[in-house]
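Each residue of the first sequence is one higher than the one before, starting from 881 at the first, in the numbering used here.
Yeah, the Cβ is synthetic: ideal placement off N, Cα and C, and Gly gets one too.
What you are looking at is a predicted structure, and each value in this text was computed from that prediction instead of being measured.
Accompanying notes for the structure given below.
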Amino acid sequence: MKRYNPKELEPRWQKTWDKDGTYKANLKSDKPKYIAMSMFNYPSGTGIHIGHAMNYTISDVKARFKRQSGYESYHPVGWDAFGLPAENYAIKAGVSPSRSMAKIIPDYHKQYKAMAWSNDWSKEISTHEPEYYKWTQWIFSQMYKNKLAYQDARLQWWCEKCQTVLANEQVIDGKCWRHDSADDPLVEKKEVKQWFFKITDYADELLDAIDSLDWTDSVKLAQKNWIGKKTGINITYSIEGITEEREVTCFTTRPDTNFGATFIVISPEHELAEELANGKLAAKTGSDMKKIAEYIKASTVKSEIERQQEGRKKTGVFTGLYAVNQLNNQKLPIYIGDFVLSGFGTGAVVGVPGHDIRDFEFAQAFDLPIERVVVGDDGDELPITRAEQVQEDNGKMINSEFLDGLHIKDATEKMMDHMEAKNMGKRVVNYRMRDWSVSRQRYWGAPIPIIHCPKDGIVLVPDEQLPVVLPQLEDFKPSGDGRSALARAKDWLSVECPKCGGKAERETDTLDTYIDSSWYMYRYFDPQNQDKIFDSEIVKKWEPIDFYNGADHATAHLLYARFIARFFTKLGLVNEPEPFKQFLFNGKVVAQDGAMFSKSKGNGVDPLDIINQGYGADALRTYLMFAAPLELWTKWDPQGVPGTYRFLARIWNLTQEYLSAQEGNTEDKLTQDIHRTIHGMIKKVTKDIEENRYNTAIASIMQAVNELYKFKTKSLARSDVWQEAFEGVIMCVAPFAPHIADELWHQLGYKDSVHIDHWPKYDDKYLASDEITIVVQVNGKVRANITMPSDATEEDIVKTAKVNEKVKEYLNKKEVRKTIYVPRKLVNFVV
RNA sequence: GGGCGAGUGGCGGAACUGGUAUACGCGACGGACUUAAAAUCCGUUGCCUGAAUAAGGCUUGUGGGUUCGAGUCCCACCUCGCCCACCA
């Protein structure tokens, strides 16, 4: 008998599939289409790790399942090759990033193939190739032409180590996401001229569509929070006793509490603050210009993390000015405080210390009055002196004249109506989301296709001159003045202005790599197109992506991709505004102690090691999909792969036994049992894979195999029903363990691959048994099981249950007050 | 601080719309084969009392509730994980 030897058979099948083009997708096929993919990989040079093995196997199983089920199934492959890690690695190693990519990517090919991911290699893409980034640049041009790209000088997060600006989501705990260890520097704010995409124009669209997405709920919620839509009111206050006439406008979502307002705080970046600091304005009674200027300076230098380290201790400075609350003519002193953010709302807030914790803390720090205007569920009406009395998000109004007695929700509406009628304020909507900063001052990215002309200003590179090819440089370190290394590429830099033909200079910023990854799924459908970004006809046939998964990038990447898809619909390039029909936010594999696998900790698990130890990719894939539900984080168990290896070997051994058995008949009872087992398995596996519950799908195959081992002790013969059983098991296990499946499929006599168009069908008629087991309870406790013919009536069942010895004991001649009967399942006697 | 999710054997985890809790796997123990080991196969394995594969009791983080019946539904609390975080 041949032994199960993955080391021999796996490479052999990989070659065969390659040669036969088994996984090549025909995008013009008449079959129904299906595309499953995981977020593409960033080739870092360290190879794939167990986390990649997890991610890509998830979408591969899905793609294989659909391919077997008769779909034209496409499992694409590509590389997110631009970006900082490759560039930093190149700086360190002294090799250009393009050269190191040329070396790294072929290594990845080997690893992907060893894992048996059913990729269509003929359509491979990489974002760093000019053929690809030509179209990334084209997207920028389209944005610019549609007035969705603009340049603006803004305070940006700046990482000293990266020498580049960072998006908000790239700042983690006050540090750069790439440099977040203890000895790394904190990020700073720096004023930089940046290119932006106006994603905020799409905020409502992006928000409204979220509910209808078939995505992991936590991701949908994260997207909603990221957009952060808030409806409120901008209240404008006039300022008293000032040298020039001024107003201050505050945004609030809680105008109902406005009778409790006792002060106003503006952000250090507020223009009023600036005017006070440079002496343009002052209170008639005098403002401490020096103190104000010092405070502003100190707070801009202060990093985010320093502010956090100070906890909630509020700082600020009085301006000498007062605003007037028109509701009750109360004078509200105006402060400058750094807890107020300039980027949200109007950069000014009205302080209601009785009902907002931050305002309360500020009031305590500056000894400002605290008024109660809401009584919460606790009924506490006492003056507010402690923090835990603050913040009633439910309650009724007091001390608020015409609002008294109203619930806060109704009071909010009434106050907004009142303020709008009296011209005190105007309803507004605010978003947390800002425009997408797309400039990076780094070398390894797609150059922004812009030319700066002394005469014509900003000029777009004409489409026919794209791509603007990234020049080969010896030294790609940032230039140090805030510009990328491209600023030193003098030949490249100097260019003829497309408008006037005069001497001009290229833009030296490159595009954020999130743009590369926000449209790559479309390029998969037409990877070689030289004339267009892609053929819309093919894309419209294949969109949306049916299945997408990943363990990271729940907000930024997915939101940007959705934005680009919506932009593409407006350009008529695609039909579907939502690019990903289904998104699964899968869990990660972590070390046994719960720590993340990482190179620096040296606790990584290399999938290739496990394969080469002799367990094979099939056992590894099966273990990863079996260990836990896909959305859960899993701890790596070194005993796990041997376990699934054993399971596959059991299938192998049993099949060998069958193949060397004599031809013969299988008796009816056994035939029935085998049918029930196999068809039950097929039903469960089909449903479970469909619903992304791979762990229980595998469990039910294991269970069926265990059953077959029992059945074979009765009689194992080369009969139709046994043949059907082995084919069923092999087809069901094929998405998880593709090599052993195709090998055994051929041993069973087939000449084609199990992986195309071979998914078993089940028939419910085999699932029915002629006997049913009924649970009998007395007072809700299980006391007996009875076996009844499957056509037994309720009357029969209850009668039989009642006379059961065990049950009789518990009924103990007492009167049965109530009998509950659950059809074909259970009887419960209440005494 | 806010939001979301999860607590089930020694471990990873099953359990459909409330109906036999602990499927499947790992580990452990026992047996068969073997000179021996590995591999393989067959058993046992939630906890407590019991000699018992007799019988009984208990058990899904804790405490209450609804129900004939609760891992599942409701309320309160505890613990852990993830995400966001001075967003007005």
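Best match in Lys-1379, Asp-940, Glu-1675, Ala-1326 for proximity to Asp-1336 [C-alpha to C-alpha]: For Asp-1336, the nearest C-alpha among the options comes from Lys-1379.
Does the pairing of the region 985-995 with the region 1421-1431 give three or more beta-carbon distances under 8 Å? no
Span of the alpha helix (DSSP H), counted from its first residue to its last, around Ser-1098: 1097-1107
What residue does the alpha helix (DSSP H) around Met-1401 start on, and which one ends it? Judged by DSSP secondary structure, Met-1401 falls within the alpha helix (DSSP H) whose first and last residues are 1400-1403.
Per-residue DSSP class, three states only, for Ala-1228: strand
Nearest residue (CA-CA) to Pro-1669, options Asp-1650, Thr-1016, Ala-1445: Asp-1650
Within the continuous beta strand (DSSP E) that includes Arg-1663, where are the two ends? Run containing Arg-1663: 1661-1669, per the beta strand (DSSP E) assignment.
On the DSSP bridge assignment, give the partners of Glu-1376 in chain order. Looking at the DSSP assignment, Glu-1376 forms a beta bridge with Lys-1383.
Do you know how far the Cα of Ala-1033 is from the Cα of Lys-1461? 37 Å
Buried/exposed call for Thr-1673, threshold 16 Cβ in 10 Å: exposed
With a Cβ-Cβ cutoff of 7 Å, do Asp-1315 and Ile-1115 count as a contact? no
What span of residues does the alpha helix (DSSP H) with Leu-1680 cover, start to end? Here the sequence assigns Thr to residue 1680, which means Leu is not the residue at that position. Its alpha helix (DSSP H) spans residues 1674-1683.
Would you tell me roughly how many angstroms separate the C-alpha atoms of Gly-931 and Met-1476, rounded to the nearest one? 10 Å
Could you say which of Ala-1597, Tyr-1630, Lys-1164 lies nearest to Ala-1541 if we only look at CA atoms? Ala-1597
Own chain, CB closer than 7 Å to Ile-1090, minus 5 neighbours either side, in chain order: Lys-1100, Gln-1103, Lys-1104
Are there 16 or more other CB atoms within 10 angstroms of the CB of Arg-1266, so buried, or fewer, so exposed? exposed
In whole angstroms, what separates the C-alpha of Val-1613 from that of Trp-1639? Rounded to the nearest angstrom, the two C-alpha atoms are 10 Å apart.
Three Cβ pairs or more, each shorter than 8 Å: is that satisfied between the region 1127-1140 and the region 1248-1260? yes
Would the beta-carbon of Ala-933 fall within 7 Å of that of Pro-1327? Against a cut-off of 7 Å, the Cβ pair of Pro-1327 and Ala-933 comes out as no contact.
Counting C-beta neighbours from all protein chains within 10 Å, is the total for Ile-1620 16 or more, i.e. buried, or is it exposed? buried
Counting along the chain, where does the beta strand (DSSP E) carrying Pro-1148 start and finish? Here Pro-1148 belongs to no beta strand (DSSP E), and DSSP marks it neither H nor E.
Give the single residue among Ser-1317, Asp-1411, Gln-1627 whose Cα lies nearest to the Cα of Tyr-1394. The candidate whose alpha carbon is nearest that of Tyr-1394 is Ser-1317.
Roughly how far, in whole angstroms, is the beta-carbon of Ala-1365 from the beta-carbon of Tyr-1323, given that I think they are within contact range, below 8 Å? 4 Å
Limits of the unbroken alpha helix (DSSP H) element including Ala-1445: DSSP places Ala-1445 inside the alpha helix (DSSP H), whose first and last residues are 1436-1451.
Helix or strand or just coil, what does DSSP make of His-1332? strand
Residues in the same chain with beta-carbon distance under 8 Å from His-1059, minus the five sequence neighbours each way, listed in chain order, please. Cys-1039, Lys-1041, Cys-1042, Pro-1065
Out of Asn-1205, Val-1349, Asp-1361, Ile-1214, point me to the one whose CA is closest to Leu-1373's CA. Val-1349
Per DSSP, the bridge partner or partners of Thr-1111: For Thr-1111, which the question treats as bridged, DSSP gives the partners Val-1309.
Counting C-beta neighbours from all protein chains within 10 Å, is the total for Glu-1458 16 or more, i.e. buried, or is it exposed? buried
Please list the terminal residues of the continuous alpha helix (DSSP H) segment that includes Leu-1087. Here the alpha helix (DSSP H) through Leu-1087 covers 1083-1089.
Cβ shell of Asp-1389 (< 7 Å), same chain only, five flanking positions each side left out: Trp-1075, Ser-1319, Arg-1320, Gln-1321, Ile-1328, Ser-1364
According to DSSP, is His-1619 part of a helix, a strand, or is it coil? The DSSP-derived three-state label of His-1619 is helix.
Please state whether DSSP places Asn-1575 in a helix, a strand or coil. helix
Examine the Cβ distances between the region 1202-1214 and the region 1252-1263 and report whether three or more of them are shorter than 8 Å. no
Is the Cβ-Cβ distance between Thr-1096 and Leu-1464 less than 7 Å? yes
When you compare the CB positions of Ala-1153 and Ile-1216, do they come within less than 7 Å of one another, or not? yes
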